[in-house]
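J.: After the structure tokens below, expect a handful of questions from me.
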Amino acid sequence: MLDQQAEMSSGAGSVTSTGTKATRALGIACLAGTALLVFLGLVGTPEDEVQGDSVRLLYIHAPAMWVAYLAFGITALGSVMYLWKRTRSLTWDRVAGASAEIGVVFTAVGLVTGMIWGHLSWGVYWTWDARLTTTSLLFVLFLGYLALRRMPAEPHVRAKRAAILGIIAFIDVPIVHQSVEWWRTLHQDATVLRRDLDVQVDGIMLFTLFLGFIVFTSIYAWLLLHRHRVAVMEDALDEHGLELAIEERRAEGMATA
Amino acid sequence: MTDAGWILSGWAIVLGGIGAYALRVITRGRSLAKQLPDEDKTWT
């Protein structure tokens with residue numbers, strides 16, 4: 001009780017984390033799904049006839065890249081909603097920023113697993129193939145987006161700049177996806193997200209791949225909720241800091257007068 | 001499993017990377033939550 005009173009008097013409330021019952025339940029589901037994915041991906045599925053055991057990397061590589069597409073799509077959506085006068089709100093800007101950060105993490109792990117898969121299948125970690133080049137460009141574009149967000153500016157100025165860059169950077173997502181069809185590439189064609197909806201995997205391998213998509217999408221949702229709440233508090237802290245600075249200036253002015 | 005080292009490393013990088021990022025978000029959230037009143041925590 002005394003601790004709680006001390007916390008309240010120091011400005012902190014009784015809520016000391018970004019978690020709620022719903023996010024905790026989602027987090028537990030994500031952990032259980034990840035455990036099942038690890039078992040099926042590494043032990044419970046057979047090796048592929050052509051790729052051998054390196055196919056096990058695709059159970060995490062493809063879902064990671066799917067989440068990157070999704071995250072950058074949400075960033076673009078948040079950016080459009082911010083720029084549209086009817087829905088303009090810093091909430092959309094925070095959603096866009098939080099989603100882009102998660103997208104960059106998933107793009108990074110997608111690139112690394114792709115490099116390891118390339119080493120095992122092609123004999124090289126990297127080649128300036130259309131898919132790899134456009135994906136690395138996507139990574140750099142959104143790193144630039146995150147850097148722009150960190151530049152000091154008034155919140156709405158920052159939000160407007162970021163929204164414009166977020167939409168421009170998102171243009172690369174369909175280019176990445178279509179690159180294997182538009183150019184002659186070393187990278188294999190789409191296996192799941194195909195225009196003819198004819199998924200090129202069967203049985204337990206298909207189940208594991210879809211489990212990967214569901215688990216990674218759930219992890220994305222969990223991360224987005226927490227990261228957005230962190231962004232809300234970062235902005236609130238900036239605002240309080242500004243108010244404090246103004247009060248200090250006023251006090252200084254009064255003292256000199 | 002052939003190439004077990006590479007495959008396990010790939011899985012470790014993905015799960016470890018996402019886990020480390022999640023941990024960073026949670027600890028940052030806890031640190032900020034201690035500095036702000038509950039009115040600023042819109043999810044409560």
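Going down the list, the sequences are from chains U and Y.
The first sequence: position 141 = 141 (my numbering), numbered continuously.
The second sequence: position 1 = 1 (my numbering), numbered continuously.
For each residue, glycine too, the CB sits at the ideal point set by N, CA and C.
Computed from a prediction, not measured in an experiment: that's the story for all the values here.
1) Which whole-angstrom value describes the C-beta separation of U:Arg229 and Y:Gly5, a residue pair presumed to lie in contact below a C-beta threshold of 8 Å?
2) From the DSSP secondary-structure annotation, give me the bridge partner or partners of U:Gly52.
3) For U:Asp53, which residues in chain Y fall below 8 Å Cβ to Cβ?
4) By how many angstroms is the C-alpha of Y:Gln35 removed from the C-alpha of U:Ala6?
5) Can you check which of these residues, U:Glu154, U:Thr113, U:Leu211, is closest to Y:Gly10 by C-alpha distance?
6) Going by CA-CA distance only, name the one from U:Ser99, U:Val38, U:Thr18, U:Ser121 that's closest to Y:Asp38.
7) Quick check: what's the CA-CA separation for U:Asp238 versus U:Pro152?
8) In chain order, what residues of the same chain have a beta carbon less than 7 Å from the beta carbon of U:Ile175, not counting five sequence neighbours either side?
9) Does the stretch 14-33 of chain U come within contact of the stretch 215-234 of chain U, defined as at least 3 CB pairs closer than 8 Å?
10) Any Cβ of chain Y within less than 7 Å of the Cβ of U:Arg94?
11) By the 10 Å Cβ neighbour count, where 16 or more other Cβ atoms means buried, how is U:Met233 classified, buried or exposed?
12) Can you tell which of U:Phe170, U:Ile246, U:Phe39, U:Leu141 has the C-alpha that lies nearest to the C-alpha of U:Tyr59?
13) Quick check on DSSP: helix, strand or coil for U:Arg88?
14) Leaving aside the five residues before and after U:Cys30 along the sequence, list all residues of the same chain whose C-beta is less than 7 Å from its C-beta, in chain order.
15) Evaluate U:Leu111 with the Cβ neighbour count: other Cβ atoms within 10 Å of its Cβ, from every protein chain shown; 16 or more gives buried, anything less gives exposed.
16) Of all Cβ atoms in chain U, is any one closer than 7 Å to the Cβ of Y:Leu36?
17) Span of the alpha helix (DSSP H) holding U:Pro63?
18) Less than 7 Å between the beta carbons of U:Ser54 and U:Leu138, yes or no?
19) Restricting to runs no shorter than 4 residues, where is the alpha helix (DSSP H) found entirely within the stretch 157-245 of chain U?
20) I'd like to check one pair, Y:Ile7 with U:Leu57: are the Cβ atoms closer than 7 Å?
21) Is it true that the CB of U:Asp129 sits closer than 7 Å to the CB of U:Thr185?
T.: Taking the structure as given:
1) Reading the first sequence from its first residue, position 229 is the one you call residue 229 of chain U. Reading the second sequence from its first residue, position 5 is the one you call residue 5 of chain Y. That pair is no contact at about 39 Å.
2) For the purposes of this step, residue 52 of chain U is taken as the residue at position 52 of the first sequence. For U:Gly52, which the question treats as bridged, DSSP gives the partners U:Asp48.
3) Position 53 of the first sequence holds residue 53 of chain U. Neighbours of U:Asp53 on chain Y, chain order: Met1, Thr2, Asp3, Ala4, Ile7.
4) To locate residue 6 of chain U, count along the first sequence from 1; it is residue 6. To locate residue 35 of chain Y, count along the second sequence from 1; it is residue 35. Its pLDDT being 42, under 50, U:Ala6 is placed unreliably by the model, and the measurement read from it follows with that caveat. Computed Cα separation, rounded: 12 Å.
5) One-based indexing of the second sequence puts residue 10 of chain Y at position 10. Looking at the Cα atoms, U:Thr113 is the closest of the given residues.
6) Translated into the one-based positions of the second sequence, residue 38 of chain Y becomes position 38. Closest by alpha carbon: U:Thr18.
7) Indexing the first sequence from 1 puts residue 238 of chain U at position 238. Indexing the first sequence from 1 puts residue 152 of chain U at position 152. Between U:Asp238 and U:Pro152, the C-alpha separation is close to 11 Å.
8) As a working note, residue 175 of chain U is residue 175 in the first sequence. Closer than 7 Å at Cβ, skipping near neighbours: Thr134.
9) The answer is yes - the stretch 215-234 of chain U touches the stretch 14-33 of chain U, with three or more Cβ pairs under 8 Å.
10) The sequence position of residue 94 of chain U within the first sequence is 94, counting from 1. No, no contact with chain Y.
11) Taking the first residue of the first sequence as 1, we reach residue 233 of chain U at position 233. That one is buried.
12) For the purposes of this step, residue 59 of chain U is taken as residue 59 along the first sequence, with counting starting at 1. Nearest of U:Phe170, U:Ile246, U:Phe39, U:Leu141 to U:Tyr59, Cα basis: U:Phe39.
13) As a working mapping, residue 88 of chain U is identified with position 88 in the first sequence. Coil, per DSSP.
14) Translated into the one-based positions of the first sequence, residue 30 of chain U becomes position 30. Excluding sequence neighbours, U:Cys30 sits near Val215, Ser218, Ile219, Trp222.
15) Taking the first sequence and counting its residues from 1, the one referred to as residue 111 of chain U is at position 111. Around the beta carbon of U:Leu111, 16 or more other beta carbons sit within 10 angstroms, so the residue counts as buried.
16) Stepping through the second sequence from its first residue, residue 36 of chain Y is reached at position 36. The beta carbon of Y:Leu36 falls within 7 Å of a beta carbon belonging to chain U, placing the residue at that interface.
17) Position 63 of the first sequence, counted from the first residue, corresponds to residue 63 of chain U. DSSP places U:Pro63 inside the alpha helix (DSSP H), whose first and last residues are 58-83.
18) As a working mapping, residue 54 of chain U is identified with position 54 in the first sequence. As a working mapping, residue 138 of chain U is identified with position 138 in the first sequence. At least 7 Å separates the beta-carbon of U:Ser54 from that of U:Leu138.
19) If we require 4 residues or more, the alpha helix (DSSP H) runs fully inside the stretch 157-245 of chain U come out as 172-182.
20) The residue labelled residue 57 of chain U in the question sits at position 57 within the first sequence. The residue labelled residue 7 of chain Y in the question sits at position 7 within the second sequence. Yes, these two residues count as a Cβ contact at 7 Å.
21) Looking up residue 185 of chain U in the first sequence gives position 185. Looking up residue 129 of chain U in the first sequence gives position 129. It is a contact, given that the beta carbons lie within the stated cut-off.
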